[in-house]
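If you read the sequences in order, they're chains B and G.
Numbering-wise, the first sequence is residues 33 to 380 according to my numbering.
Numbering-wise, the second sequence is residues 33 to 380 according to my numbering.
Built from N, CA and C at the ideal position, the CB exists for glycine as well.
If you're wondering where the values come from, they're calculated on a predicted model, not measured in any experiment.
There are 2 protein chains.
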Amino acid sequence: MTTDHRFLRALRRESVDMTPIWIMRQAGRYLPEYRATRARAGSFLALAQTPELACEVTLQPLERFPLDAAILFSDILTVPDAMGLGLHFVEGEGPKFSHPLRSAAAIDALGVPDPETSLRYVMDAVRLIRRELNDRAPLIGFAGSSWTLACYMIEGEGSSSFSRAKALALQDAPLMHRLLDTLARSVGAYLAAQAAAGAQALMVFDTWGGLLSPAMFREFSLRWLGAIVAHVREKAPGVPIILFSKGANAHLEGLADTGCTALGVDWTIDIADARARVGDRVALQGNLDPAVLAASPDAIRAQARAVLDGIGAHPGHVFNLGHGITPDIDPEHVAVLVDAVHEMSRRG
Amino acid sequence: MTTDHRFLRALRRESVDMTPIWIMRQAGRYLPEYRATRARAGSFLALAQTPELACEVTLQPLERFPLDAAILFSDILTVPDAMGLGLHFVEGEGPKFSHPLRSAAAIDALGVPDPETSLRYVMDAVRLIRRELNDRAPLIGFAGSSWTLACYMIEGEGSSSFSRAKALALQDAPLMHRLLDTLARSVGAYLAAQAAAGAQALMVFDTWGGLLSPAMFREFSLRWLGAIVAHVREKAPGVPIILFSKGANAHLEGLADTGCTALGVDWTIDIADARARVGDRVALQGNLDPAVLAASPDAIRAQARAVLDGIGAHPGHVFNLGHGITPDIDPEHVAVLVDAVHEMSRRG
Numbered sequence: 033m034t035t036d037h038r039f040l041r042a043l044r045r046e047s048v049d050m051t052p053i054w055i056m057r058q059a060g061r062y063l064p065e066y067r068a069t070r071a072r073a074g075s076f077l078a079l080a081q082t083p084e085l086a087c088e089v090t091l092q093p094l095e096r097f098p099l100d101a102a103i104l105f106s107d108i109l110t111v112p113d114a115m116g117l118g119l120h121f122v123e124g125e126g127p128k129f130s131h132p133l134r135s136a137a138a139i140d141a142l143g144v145p146d147p148e149t150s151l152r153y154v155m156d157a158v159r160l161i162r163r164e165l166n167d168r169a170p171l172i173g174f175a176g177s178s179w180t181l182a183c184y185m186i187e188g189e190g191s192s193s194f195s196r197a198k199a200l201a202l203q204d205a206p207l208m209h210r211l212l213d214t215l216a217r218s219v220g221a222y223l224a225a226q227a228a229a230g231a232q233a234l235m236v237f238d239t240w241g242g243l244l245s246p247a248m249f250r251e252f253s254l255r256w257l258g259a260i261v262a263h264v265r266e267k268a269p270g271v272p273i274i275l276f277s278k279g280a281n282a283h284l285e286g287l288a289d290t291g292c293t294a295l296g297v298d299w300t301i302d303i304a305d306a307r308a309r310v311g312d313r314v315a316l317q318g319n320l321d322p323a324v325l326a327a328s329p330d331a332i333r334a335q336a337r338a339v340l341d342g343i344g345a346h347p348g349h350v351f352n353l354g355h356g357i358t359p360d361i362d363p364e365h366v367a368v369l370v371d372a373v374h375e376m377s378r379r380g
Numbered sequence: 033m034t035t036d037h038r039f040l041r042a043l044r045r046e047s048v049d050m051t052p053i054w055i056m057r058q059a060g061r062y063l064p065e066y067r068a069t070r071a072r073a074g075s076f077l078a079l080a081q082t083p084e085l086a087c088e089v090t091l092q093p094l095e096r097f098p099l100d101a102a103i104l105f106s107d108i109l110t111v112p113d114a115m116g117l118g119l120h121f122v123e124g125e126g127p128k129f130s131h132p133l134r135s136a137a138a139i140d141a142l143g144v145p146d147p148e149t150s151l152r153y154v155m156d157a158v159r160l161i162r163r164e165l166n167d168r169a170p171l172i173g174f175a176g177s178s179w180t181l182a183c184y185m186i187e188g189e190g191s192s193s194f195s196r197a198k199a200l201a202l203q204d205a206p207l208m209h210r211l212l213d214t215l216a217r218s219v220g221a222y223l224a225a226q227a228a229a230g231a232q233a234l235m236v237f238d239t240w241g242g243l244l245s246p247a248m249f250r251e252f253s254l255r256w257l258g259a260i261v262a263h264v265r266e267k268a269p270g271v272p273i274i275l276f277s278k279g280a281n282a283h284l285e286g287l288a289d290t291g292c293t294a295l296g297v298d299w300t301i302d303i304a305d306a307r308a309r310v311g312d313r314v315a316l317q318g319n320l321d322p323a324v325l326a327a328s329p330d331a332i333r334a335q336a337r338a339v340l341d342g343i344g345a346h347p348g349h350v351f352n353l354g355h356g357i358t359p360d361i362d363p364e365h366v367a368v369l370v371d372a373v374h375e376m377s378r379r380g
């Protein structure tokens, strides 16, 4: 009876007994037990690539808090890694690729990875987590958007401007679209495989869409988010899809038009305004400022109340932060938030 | 006849022979001559605090490009430094304060610095630059917004979330407002003093306003931007004031309502939409994505054309980037942009 989970009901905009809540990056460095497992693994990549360890950290926040969903512990850059770019992490500097895309030939040589072979460790993690979860909460799988993956693949690492990726898009749009298409097909296959392995909802992180001008967002990010949704709908019909394009609140209508199930919303828009703009087409997930968790329990409750009041009696809301939880947060404050959301939203 | 400069005419929404252009951070690391002067100064702070050197780097971009305005070389954190917080720069880590604000007593002990004594080096730089400019182009003075300065003063350094500052605002709003008020009066006096020393336009950088939720933006950023405008209008009537609240396009109407002269606009909104929303109340400054300068000359011209087409025949546009130019840009690409904007916008 997994369809009775309030998280899945809320995504379908059905009535719920109380508002479901999960927290982006809930399996993360703010938890001492996560840091212990991470130390045992030796590296972030070893943690993500060892199904037993990925399963362990995925479940840790659910042992502590009555969260309404688990999210696979992994990284959006597993897909380009499977495409041969050589992902590694440099301490204090974040992700890097050994073979960034620096030529049309390199882009045109990319293939669509078979998830069950080159990303087998992710599929094994999904299967293991589903077994260990034993239906306590639904499991969310995820991937990066075409644009966001292309940014990293072209730059070879993180960037505050991704000017190399943007320059390629402006100078050779057909080449950029070939790359984004290959990525959309890869991400579509990857997400569908996660669903086949047991993921009950799928989320696409368009982390860098908000760095684009409106015209570039529509052409290079939104268009390919729509393609990903279409690929997943074809291969895994019925599985809810959440799109999260950070900093792209100007484009909520276009994002809702992709046919996704729900939109993640960051905290720079009133959730009532977001609801008014997308109407009943999609559920909404968000949108508390992660920094609120650094404030006092009273302030956390007041700010959570403001988000719940913004949604009011409308169905189709999954409570979350507007971005990932940061390492400086006291886990006790997360407990305050989860309890407050459940208590304040209890129906009947 | 300084009032005939096309930059000042555009701010007043008067007709111009061609669209004026200047570039945020135009005196910066992308210029080899800047890097040479910076090396000679020994440190960023020595460069900013020595009027002759600040004058030298302020004028450098105007020697290379036919820019329509100069902007004082300085730093927004000079004001908190003058308040006693002990500004210093750690190589590769950015600005830090020796005495961040960590108590109500520290906040309530802050006074309003007298610009002509504790910020004398800035006033001397303004006077020297005006003399050396000899009316080739108007000079812009600037300061940080109350909210943005408070962020740094509370954290003690830069941050991706400024959660400490936000937590204080949520937990003790009256205390935060006392700090923001002291800062608004300090910034107002500082900007008015820059105008008295010769600055012909004034710009307020609200670098971190866009990190706030709408409710917090209105209460903690926008309200005090309005206070700064009022202070400057009282002390330096007639001097144009440009407000730039990065990432806060959702609030353009409220920003225009402050009584400022112009709004800086980043590239995540079509400038035609920005114009439609603020009407004829203010001029607009922007809004090319800085990353466009990393692309080819043809792409730079096409993207500049798109901004100019977005404004169309409306008066009151100052061309600029939507954020500061980055160190990786080829100065030749800046020349392409400046020439393109002038040529493509030439009237009659």
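Put H365/G into one of helix, strand or coil per three-state DSSP.
-> H365/G falls in the helix class under three-state DSSP.
Helix, strand or coil: how does DSSP classify T147/G here?
-> Note that residue 147/G corresponds to Pro in the displayed sequence, not to Thr. Helix, per DSSP.
Please list, in chain order, all residues of the same chain as R378/B whose beta carbon is under 6 Å from its beta carbon, the five residues on each side excluded.
-> Once the five neighbours on either side are set aside, the close Cβ partners of R378/B are M50.
Give me the Cα-Cα distance between S192/B and A73/B, rounded to the nearest whole angstrom.
-> In this structure, the straight-line span from the alpha carbon of S192/B to that of A73/B is close to 29 Å.
Where does L133/G fall in DSSP's three states?
-> In this structure, L133/G counts as coil in the three-state DSSP scheme.
What first and last residue would you give for the beta strand (DSSP E) that runs through M235/B?
-> 233-238 is the span of the beta strand (DSSP E), which, as asked, contains M235/B.
Can you have a look at D330/B and say buried or exposed, based on whether 16 or more other CB atoms are within 10 angstroms of its CB?
-> Looking at its Cβ environment, which holds fewer than 16 other Cβ atoms inside 10 Å, D330/B is exposed.
Check Q81/G in the structure and name its three-state DSSP category.
-> Per DSSP, reduced to three states, the secondary structure at Q81/G is helical.
Nearest to D302/B by alpha carbon, out of M185/G, R250/G, L99/G, D113/G?
-> The candidate whose alpha carbon is nearest that of D302/B is R250/G.
Compare the C-beta of M248/G with all C-beta atoms of chain B and state if any pair is closer than 9 Å.
-> At least one CB of chain B lies nearer than 9 Å to the CB of M248/G.
In this structure, what does DSSP give as the bridge partners for Q317/G?
-> BP columns for Q317/G point to G296/G, V350/G.
List in chain order: all unbroken beta strand (DSSP E) runs of 3+ residues lying wholly within the segment 74-119 of chain B.
-> Here no run is fully enclosed.
Buried or exposed for R163/B, please, with buried defined as at least 16 other CB atoms from any protein chain shown within 10 angstroms of its CB.
-> R163/B should be labelled exposed.
Taking C-alpha atoms, which residue in A216/B, A138/B, A231/B lies nearest to I186/B?
-> Among A216/B, A138/B, A231/B, the Cα nearest to that of I186/B belongs to A138/B.
Are there three or more Cβ pairs, one per stretch, closer than 8 Å when the segment 335-350 of chain B is compared with the segment 44-63 of chain B?
-> Because the criterion of three Cβ pairs below 8 Å is met, the segment 335-350 of chain B and the segment 44-63 of chain B touch.
Chain B contact for I344/G (CB, 9 Å cutoff) | It should be pointed out that residue 344/G corresponds to Gly in this sequence rather than to Ile. No, its Cβ sits nowhere closer than 9 Å to a Cβ of chain B.
Classify W206/G as helix, strand or coil using the three-state DSSP reduction.
-> In the sequence as presented, Trp is not what sits at residue 206/G; that position holds Pro. In this structure, P206/G counts as helix in the three-state DSSP scheme.
Selection from R210/G, A86/G, T149/G, L171/G that minimises the alpha carbon distance to S178/G | Per the C-alpha coordinates, the member of R210/G, A86/G, T149/G, L171/G positioned closest to S178/G is R210/G.
Exposure label - T36/G; buried when at least 16 CB within 10 Å | The sequence as given places Asp at residue 36/G; Thr does not occur at that position. With fewer than 16 other Cβ atoms within 10 Å, it is exposed.
Interface positions of the segment 180-213 of chain G facing chain B (Cβ-Cβ less than 9 Å), listed along the chain = Residues of the segment 180-213 of chain G with a C-beta atom less than 9 Å from some C-beta of chain B are S192, S193, F194, S195, R196, A197, K198, A199, L200, A201, L202, Q203, listed in chain order.
Spell out the partners DSSP gives R276/B in its beta bridges.
-> This sequence places Phe at residue 276/B; Arg is not what is there. DSSP, once it has assigned bridges, lists F237/B, G296/B as partnering F276/B.
Enumerate in chain order the residues of its own chain whose CB-to-CB distance from A42/G is below 8 Å, with the five nearest sequence positions on each side excluded.
-> Close CB contacts of A42/G within its chain, under the 8 Å cut and outside five residues either way in sequence, are with V48, T51, P52, A315, P347, G348, H349, V350 (chain order).
Bridge partners of P322/B, per DSSP?
-> BP columns for P322/B are empty, so no partner.
Coarse secondary structure for I343/B, derived from DSSP in three states = In this structure, I343/B counts as helix in the three-state DSSP scheme.
Between Q317/B, L119/B, D213/B, V219/B, which lies nearest to D146/B when the distance is taken from Cα to Cα?
-> When C-alpha distances from D146/B are compared across Q317/B, L119/B, D213/B, V219/B, the shortest belongs to V219/B.
Is the Cβ of M33/G closer than 9 Å to any Cβ of chain B?
-> Residue placement at M33/G cannot be trusted, given a pLDDT of 41 that sits under 50; what the coordinates show is reported in the next sentence. Chain B has no Cβ within less than 9 Å of the Cβ of M33/G.
Status (buried if at least 16 other CB within 10 Å, exposed otherwise) for A68/B = By the neighbour-count rule (16 or more Cβ atoms within 10 Å), A68/B is not buried but exposed.
Would you call the CB atoms of P322/B and A282/B closer than 9 Å?
-> No, Cβ-Cβ distance for P322/B and A282/B is not below 9 Å.
At a Cβ threshold of 9 Å, is P32/G touching chain B?
-> The question about residue 32/G has no answer, for chain G in this structure spans 33 to 380.
Which partner residues does G420/G have in the DSSP bridge list?
-> Absent from the structure is residue 420/G, since the part of chain G shown begins at 33 and ends at 380.
N352/G at chain C interface by Cβ criterion, 9 Å | Checking the listed chains, one finds no chain C in this structure; the protein chains it contains are B and G.
Measuring alpha carbon to alpha carbon, tell me which of Q58/B, Y184/B, G270/B ends up nearest A101/B.
-> Nearest C-alpha to A101/B: Q58/B.
6 Å Cβ shell around G143/G - same chain, five flanking residues per side excluded = Its chain contains no residue whose beta carbon lies nearer than 6 Å to that of G143/G once the 5 sequence neighbours on both sides are disregarded.
Taking buried to mean at least 16 other C-beta atoms within 10 Å of its own C-beta, is G311/B buried or exposed?
-> Taking all protein chains in view, the Cβ of G311/B is surrounded by fewer than 16 other Cβ atoms within 10 Å, so the residue is classified as exposed.
Kindly identify the DSSP beta-bridge partner or partners of G176/G.
-> The partner list for G176/G (beta bridge, DSSP) reads F237/G.
Please state whether DSSP places V271/B in a helix, a strand or coil.
-> V271/B falls in the coil class under three-state DSSP.
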